[in-house]
Amino acid sequence: MRDIQYLHALWQLCGLPSEALNFVQLSGGDPVFPSSFAVGSAAQLSIAAAALAACELSYVRGGARQKVAVDTLHAAVECSGWFSLDGREPNLWDAFSGLYRCADGYVRIHANFAHHREGALRLLGLSPATTQRTEAEQAMLRWRALDFEQAAAERGLVATALRSFDQWDATAQGQAILAKPLMTLSRIGDAEPIELPSLTPDERPLSGVRVLDLTRILAGPVGGRALAAQGADVLLINSPNLPNIEAIADTSRGKRSALLDLHTEQDRAALWRLIDGAHVFSQGYRPGGLAALGYSPEALAERRPGIVYVSLTAYGTEGPWAGRRGFDSLVQTAMGFNHGEGESAGEGIPRALPMQILDQATGYLMAYGTAAALYRQQTEGGSWHVQVSLAQTGQWLRSLGRIPNGFSLDKPSVDPWLETSTSGFGQLHAVRPSARLERTQPRYRLPSMPPGSAEPVWL
């Protein structure tokens, strides 16, 4: 009953019909992973909202409503992000990523990309070519946490000081996040409803919906994958100039994957041609980055009336950190989750959440907002802008409450929910979708393929 009430509140945020909630079934409950936070509920609620909104869109396209069931444990395992390639579980973390003691506390560094790693080491006065992790740990002891955080931000690097919840709430950015809802769905232009293909009874809810996915490194790609599982034609656009991590093998399931260099006139023109045929444009680049190239929400609404534009940020769009880069692990650290988890575990040291739930839940909230905006577009017309952030998802996770005795169990096995596919990256074992639909089960029609394996065109 408790989770249904949270789902009802989530549903109201996007203005969808309340009668649709009669078709959802939530089973299980926390704890399902070792944590003092309701990570299972966050996974279940965001996944259920995304699937139910997709079904509601299919209903206004002429389909019948169908029941949606989501189990807490399966949802949490899906949000664990577990996968293997050719029998190997990839290590997604660089040796220099992680938590460091400093003069007055802790700092977490994200060093998974070479330019971030090299920049952090130079800030510590160390050589990127020869430094070992132990040397970086010794150098960090000379810094105060907030000083390193600020110096890193000024250089475009990604690091955050460890805070408690009270310390985060007292910051200007914490106050800015507290003043915002979990997500926003706003009308940004006038347009007639875009005609979507009618659905046959066996077609998935988002069949015929064309999605441009310009997102990277976890939350956004998870959101695009969720749309693909419900039948959307998702075209992932990567830059040939930017690195990726091995998680792309998992998050690219169901998508086609193309390359465009938006610093060239030819590829910018190609992206505009894709926009002309798209229903959804989803992006997670640095705030203002795509707008500077001409791809702002307003520009797309003018060019392609009726489009749904989805924006992902780390820390929201207001406050002193609005333009700051960030990743799940850093937002956890800055907001107080690592401090709170460590206290509850009684270990005397900070502790990360058992999964990157801010990324994962935010991804499914992006899919939920996308389907909700498409529903509003079909029933009201207009162009729409969906905005989500990792920090706002973090604030929502806090609101779901704490779990007594949350560390009384071990991490569950992923085996019952694995499926196998032959991908362009190797033999992929990954978790199948946890949302179970009465008639049209979510599935990945296409295997994940490397960037550039598809042409940047609609089929």
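Numbering (the numbering used here), first residue to last: 5 to 463. Each residue gets a CB set at the ideal place from its N, CA and C atoms; glycine is no exception. All values derive from a computational prediction rather than experimental measurement.
Reduced DSSP category for residue i - H, G, I as helix; E, B as strand; rest coil
{"i": "Asn-26", "result": "helix"}
{"i": "Ile-192", "result": "strand"}
{"i": "Asp-332", "result": "helix"}
{"i": "Leu-182", "result": "helix"}
{"i": "Ser-315", "result": "strand"}
{"i": "Phe-37", "result": "coil"}
{"i": "Arg-214", "result": "strand"}
{"i": "Ser-348", "result": "helix"}
{"i": "Arg-92", "result": "strand"}
{"i": "Glu-199", "result": "coil"}
{"i": "Glu-158", "result": "helix"}
{"i": "His-267", "result": "coil"}
{"i": "Thr-366", "result": "helix"}
{"i": "Arg-208", "result": "coil"}
{"i": "Gln-360", "result": "coil"}
{"i": "Ala-326", "result": "coil"}
{"i": "Met-339", "result": "helix"}
{"i": "Glu-141", "result": "helix"}
{"i": "Arg-65", "result": "coil"}
{"i": "Asp-170", "result": "helix"}
{"i": "Gly-292", "result": "coil"}
Beta-carbon gap between residue i and residue j smaller than 9 Å
{"i": "Gln-381", "j": "Ala-79", "result": "no"}
{"i": "Gly-31", "j": "Ala-365", "result": "Checking the sequence, you will find Ser at residue 31 rather than Gly. Taking 9 Å as the Cβ cut-off, Ser-31 and Ala-365 do not qualify as a contacting pair."}
{"i": "Ile-361", "j": "Gly-288", "result": "no"}
{"i": "Ala-58", "j": "Leu-231", "result": "yes"}
{"i": "Ala-296", "j": "Ser-333", "result": "no"}
{"i": "Gly-212", "j": "Arg-159", "result": "no"}
{"i": "Asp-173", "j": "Gly-430", "result": "no"}
{"i": "Phe-341", "j": "Val-162", "result": "no"}
{"i": "Leu-271", "j": "Arg-307", "result": "Per the sequence shown, the amino acid found at residue 271 is Asp instead of Leu. Cβ atoms of Asp-271 and Arg-307: not closer than 9 Å."}
{"i": "Pro-451", "j": "Ala-262", "result": "no"}
{"i": "Ser-315", "j": "His-267", "result": "no"}
{"i": "Val-81", "j": "Pro-324", "result": "no"}
{"i": "Ala-156", "j": "Ile-113", "result": "yes"}
{"i": "Thr-317", "j": "Pro-291", "result": "yes"}
{"i": "Leu-369", "j": "Ala-53", "result": "yes"}
{"i": "Ser-286", "j": "Thr-188", "result": "no"}
{"i": "Ala-107", "j": "Arg-148", "result": "yes"}
{"i": "Arg-146", "j": "Pro-132", "result": "no"}
{"i": "Ser-438", "j": "Asp-170", "result": "no"}
{"i": "Val-312", "j": "Ala-236", "result": "no"}
{"i": "Gly-33", "j": "Ser-45", "result": "yes"}
{"i": "Val-28", "j": "Leu-14", "result": "no"}
{"i": "Arg-447", "j": "Arg-277", "result": "no"}
{"i": "Ser-425", "j": "Arg-257", "result": "yes"}
{"i": "Arg-167", "j": "Thr-337", "result": "yes"}
{"i": "Asp-206", "j": "Leu-240", "result": "no"}
{"i": "Pro-197", "j": "Gly-67", "result": "no"}
{"i": "Val-72", "j": "Leu-441", "result": "yes"}
Residues near residue i in its chain [Cβ-Cβ closer than 6 Å; skip 5 each side]
{"i": "Leu-275", "result": "Leu-264"}
{"i": "Arg-443", "result": "Gln-70"}
{"i": "Met-359", "result": "Cys-83 and Ser-84"}
{"i": "Thr-135", "result": "Leu-125"}
{"i": "Ala-434", "result": "Phe-87 and Asp-254"}
{"i": "Phe-411", "result": "Pro-38 and Ala-349"}
{"i": "Asp-363", "result": "Leu-222, Ala-223 and Asp-332"}
Cβ neighbours of residue i in the same chain (closer than 8 Å, five flanking residues each side left out)
{"i": "Leu-150", "result": "Ala-165"}
{"i": "Glu-345", "result": "Ser-39, Ser-40, Phe-41, Pro-354, Arg-355, Ala-356 and Leu-357"}
{"i": "Arg-137", "result": "Ala-99 and Phe-100"}
For residue i, the residue or residues it bridges with in DSSP
{"i": "Arg-440", "result": "Ala-73"}
{"i": "Ile-113", "result": "Gly-102 and Ala-163"}
{"i": "Arg-260", "result": "Leu-239"}
{"i": "Gln-287", "result": "Leu-218 and Ser-315"}
{"i": "Leu-246", "result": "Answer is none; Leu-246 lacks a bridge partner."}
{"i": "Ser-31", "result": "Asp-75"}
{"i": "Phe-87", "result": "Ala-434"}
Any C-beta of chain D under 9 Å from that of residue i
{"i": "Pro-408", "result": "Reference to chain D is not applicable here, since this structure consists of a single protein chain."}
Close Cβ partners of residue i (< 7 Å) along its chain, the five nearest in sequence each way excluded
{"i": "Ala-251", "result": "Gly-85, Leu-96 and Leu-222"}
{"i": "Gly-320", "result": "Ala-180, Ile-181, Lys-184, Ala-326, Ser-393, Ala-395 and Gln-396"}
{"i": "Asp-98", "result": "Ala-115, Asn-116 and Arg-121"}
{"i": "Leu-404", "result": "Tyr-10, Ala-42, Ser-45 and Ala-46"}
{"i": "Asp-414", "result": "Pro-38"}
{"i": "Pro-94", "result": "Glu-250"}
{"i": "Tyr-379", "result": "Leu-20, Ala-57, Glu-60, Leu-61 and Val-64"}
{"i": "Ala-176", "result": "Gly-323 and Pro-324"}
Runs of alpha helix (DSSP H) wholly within the stretch 381 to 438 (minimum 4 residues, chain order): Runs found: 394 to 403.
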